[in-house]
Amino acid sequence: MSQEDRDVDEALALVSRAARAQTSPDPGAGSESETEPQSEQAGQETGPAALPASPARHRATPWSEARAVAARAGGAGASRARRVSLGQALGQVLAEPLDALTDLPSFDTSAMDGWAVAGPGPWWSVEEGGQVLAGHAAPAALADGAAVRIATGARIPPDATAVIRSEHARLDESKGRLYARREVVQGQDIRPRGQECRTGDRLLPVGALVTPAVLGLAAAAGYDGLSVVPRPRVEVFVLGDELLSEGLPHDGMVRDALGPLLDPWLRALGADVIGTRHLGDDADALHGAVTDSEADLVITTGGTAAGPVDHVHPILRKAGAELLVDGVAVRPGHPMLLARLSGGAEGRYLVGLPGNPLAAVSGLLTLAEPLLRARAQRPPLAPYLSPVRDEVNGHPHDTRLVPVVHRAEQAVPLHYNGPAMLRGIAAADGLAVVPPGGARAGQELEILDLPWTTEGRFT
Numbered sequence: 002m003s004q005e006d007r008d009v010d011e012a013l014a015l016v017s018r019a020a021r022a023q024t025s026p027d028p029g030a031g032s033e034s035e036t037e038p039q040s041e042q043a044g045q046e047t048g049p050a051a052l053p054a055s056p057a058r059h060r061a062t063p064w065s066e067a068r069a070v071a072a073r074a075g076g077a078g079a080s081r082a083r084r085v086s087l088g089q090a091l092g093q094v095l096a097e098p099l100d101a102l103t104d105l106p107s108f109d110t111s112a113m114d115g116w117a118v119a120g121p122g123p124w125w126s127v128e129e130g131g132q133v134l135a136g137h138a139a140p141a142a143l144a145d146g147a148a149v150r151i152a153t154g155a156r157i158p159p160d161a162t163a164v165i166r167s168e169h170a171r172l173d174e175s176k177g178r179l180y181a182r183r184e185v186v187q188g189q190d191i192r193p194r195g196q197e198c199r200t201g202d203r204l205l206p207v208g209a210l211v212t213p214a215v216l217g218l219a220a221a222a223g224y225d226g227l228s229v230v231p232r233p234r235v236e237v238f239v240l241g242d243e244l245l246s247e248g249l250p251h252d253g254m255v256r257d258a259l260g261p262l263l264d265p266w267l268r269a270l271g272a273d274v275i276g277t278r279h280l281g282d283d284a285d286a287l288h289g290a291v292t293d294s295e296a297d298l299v300i301t302t303g304g305t306a307a308g309p310v311d312h313v314h315p316i317l318r319k320a321g322a323e324l325l326v327d328g329v330a331v332r333p334g335h336p337m338l339l340a341r342l343s344g345g346a347e348g349r350y351l352v353g354l355p356g357n358p359l360a361a362v363s364g365l366l367t368l369a370e371p372l373l374r375a376r377a378q379r380p381p382l383a384p385y386l387s388p389v390r391d392e393v394n395g396h397p398h399d400t401r402l403v404p405v406v407h408r409a410e411q412a413v414p415l416h417y418n419g420p421a422m423l424r425g426i427a428a429a430d431g432l433a434v435v436p437p438g439g440a441r442a443g444q445e446l447e448i449l450d451l452p453w454t455t456e457g458r459f460t
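Next comes the structure, spelled out in structure tokens:
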């Protein structure tokens, strides 16, 4: 945060405290609830009756607008479709609709092990012909009053009228007669041709995520390969001289929390992470890494502010990049940025995340998620609202993202939601989008789901 921002926030805090002192006889009125941690900077967050935003504040992009800019950027550089084998399609999205290439099933089949029968019983058993098995040639027609053993998935003999399950049949071997233990209904336990679909039926639309079940359906419908949108390629640069990759923090050094977090999170968003590298606070090394990267999206962590080792802005200027978003009115994570990279392939972007872990998560959901989803041509997630159980303190003029869990159809705000903390998000089901000024108990807020709660798996 710039010194100008600090001065404005401190002034707002003083005015807010003075206003509360004059209007409330209760010395505790307007104070933060016990369930809310301290803000990113003292005085930045207030209760639901916060003062309106100051028009003289910074030029940060509003949160919803920043997400829209990121989605448009991803759509402008959307990947071209390619055809791959079924084994390579998992986790990608369909670039063409999945239409049935055959009837399913493609012939009348038995749904159970038992007896295929023709006409009313009792039936005489056909022992000479053996039994009808799956995968064998078409069986001979079944005479009226005859029965033959049949396996699940086997072709139904012509003129057969029903299948009797083995446990519902009794064979009198001495007389060669088959009796049913229950009433037999015509067509029972026969899967007729085309029961699931007919040739040409639309099974799945463009944009459907290829899951293991989709692969099975595609194979059953006659496909050997699928036309898909490739996963966007992402490279991650974790910045900082102070980061350790193992062991306990010591001597001013801290563990790198973002390296282990970002790779699987980005994969859950549909990205192909081609590498995660740690770079020290070296502007030349960062410039070389960014300009040499072959990724569709470069993600950096830290270095997006204006400190002595914050090199992201200078190297972007040097690289001729175009800043699309330079700061977002959201807490945590306001120093995030989005830039279009010049040179190399078209449609290459960089998302600069703040270095604090929860702030970086905020940047992922604000900028990286909509960009990657549009790039991979995945449909946007439908927003939904949930009432919050407790009052949630807000920032005077910025959106706030707060980890929550779902309890009894309510969203419960979690503790440990400071910008440097991961304890809250590790237990969360999603993040509540808290408007400037905060939210009262029972107020409905938009909820951002986490990728493993929406897609159901890491891909």
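The numbering used here puts the first residue of the sequence shown at 2, with every later residue one more than the last. Built from N, CA and C at the ideal position, the CB exists for glycine as well. Everything numeric in this text was worked out from a predicted model, so none of it was measured.
Cβ-based burial, residue i [other Cβ within 10 Å; buried from 16]
i       : result
Leu-386 : exposed
Trp-453 : exposed
Phe-238 : buried
His-251 : exposed
Glu-97  : exposed
Ile-191 : buried
Ala-330 : buried
Leu-449 : buried
Glu-236 : buried
Asp-225 : exposed
Ala-57  : Since pLDDT at Ala-57 reaches only 38, below the 50 mark, its modelled position is unreliable, and the value read off the structure follows with that caveat. Per the 10 Å Cβ criterion, exposed.
Arg-379 : buried
Asp-327 : buried
Leu-249 : exposed
Ser-246 : exposed
Ala-222 : buried
Ser-363 : buried
Glu-445 : exposed
Gly-289 : exposed
Arg-183 : exposed
Ser-343 : exposed
Val-74  : This sequence places Ala at residue 74; Val is not what is there. Result: buried.
Pro-213 : exposed
Per DSSP, cross-strand counterpart(s) of residue i
i       : result
Asp-450 : Gly-431
Asp-100 : Arg-203
Leu-245 : Arg-256
Phe-238 : Arg-278, Thr-301
Gln-132 : Arg-150
Ser-387 : Leu-446
His-407 : Ala-412
Ala-340 : Leu-324, Leu-351
His-251 : Met-254
Trp-125 : Ala-147, Arg-178
Val-331 : Thr-400
Ala-360 : Paired residues: none, contrary to the question.
Gly-439 : Per DSSP, none; premise fails for Gly-439.
His-426 : Sequence check: residue 426 is Ile here, not His. Beta-bridge pairing links Ile-426 to no other residue.
Thr-62  : Val-329
Asp-273 : Arg-234
Supposed close pair residue i, residue j - CB separation, criterion 8 Å
i       : j       : result
Asp-233 : Asp-293 : The question names Asp, yet the displayed sequence has Pro at residue 233. Actually they are not in contact, since the Cβ atoms of Pro-233 and Asp-293 sit about 18 Å apart, beyond 8 Å.
Asp-297 : Arg-349 : 6 Å
Ala-442 : Val-405 : 13 Å between Cβ atoms; not a contact.
Leu-218 : Leu-227 : Not really, about 11 Å apart at Cβ, beyond 8 Å.
Gly-115 : Ala-72  : Contact flag wrong, Cβ pair sits at about 55 Å.
Gly-395 : Pro-420 : Wrong, their Cβ atoms sit about 15 Å apart, outside the cutoff.
Ala-138 : Gly-271 : About 45 Å; that fails the 8 Å criterion.
Own chain partners of residue i with C-beta closer than 7 Å, once the 5 adjacent residues on each side are dropped
i       : result
Gly-122 : Leu-179, Tyr-180, Ala-181, Val-185
Glu-447 : Pro-384, Leu-386, Val-434
Gln-196 : Pro-106
Ala-340 : Leu-317, Ala-322, Glu-323, Leu-324, Leu-325, Tyr-350, Leu-351
Val-1   : Since the first residue shown for the chain is 2 and the last is 460, residue 1 is missing from the structure and cannot be characterised.
Leu-415 : Pro-404, Val-405, Val-406, Gly-425, Ala-428, Ala-429
Sequence-distant residues of the same chain with beta carbon closer than 8 Å to residue i, five excluded per side
i       : result
Gly-201 : Asp-100, Ala-101
Val-162 : In the sequence under discussion, the amino acid at residue 162 is Thr, which differs from the Val named in the question. If we look at Thr-162 and ignore the five residues flanking it on each side, its Cβ neighbours are Val-118, Ala-119, Gly-120, Gln-187, Gly-188.
Glu-160 : First, the residue type needs correcting, since residue 160 is Asp and not Glu in the sequence shown. The residues are Ala-119, Ala-142, Leu-143, Ala-144, Asp-145.
Gln-4   : Confidence at Gln-4 is low in this model, with a pLDDT of 40, below 50, so the placement of that residue is unreliable and no value is reported for it.
beta-carbon residue i near the ligand ATP non-hydrogen atom, thresh 7 Å
i       : result
Leu-402 : This structure lacks the ligand ATP, and indeed carries no ligand of any kind.
Residues near residue i in its chain [Cβ-Cβ closer than 6 Å; skip 5 each side]
i       : result
Ala-306 : Pro-336
Ala-286 : Leu-280
Gly-276 : Glu-236
Cys-198 : Ala-101, Leu-105
Val-299 : Glu-236, Val-291, Leu-351
Gly-303 : Leu-240, Gly-241, Gly-356
Val-70  : Leu-325, Val-326
Residue-chain proximity (residue i, chain B), Cβ-Cβ < 8 Å
i       : result
Val-237 : The structure shown has no chain B; it contains just one protein chain.
Touching by the beta-carbon criterion (3+ pairs, under 8 Å), the region 257-277 and the region 371-380: yes
Validate contact between the region 85-98 and the region 354-369 using beta carbons, cut 8 Å, 3 pairs: no
Inter-stretch contact at 8 Å, needing at least 3 Cβ pairs: the region 129-138 / the region 150-170: yes
Segment contact, 8 Å Cβ cut-off, at least three pairs: the region 255-264 with the region 394-405: no
Three-pair Cβ contact test at 8 Å for the region 430-446 versus the region 405-415: yes
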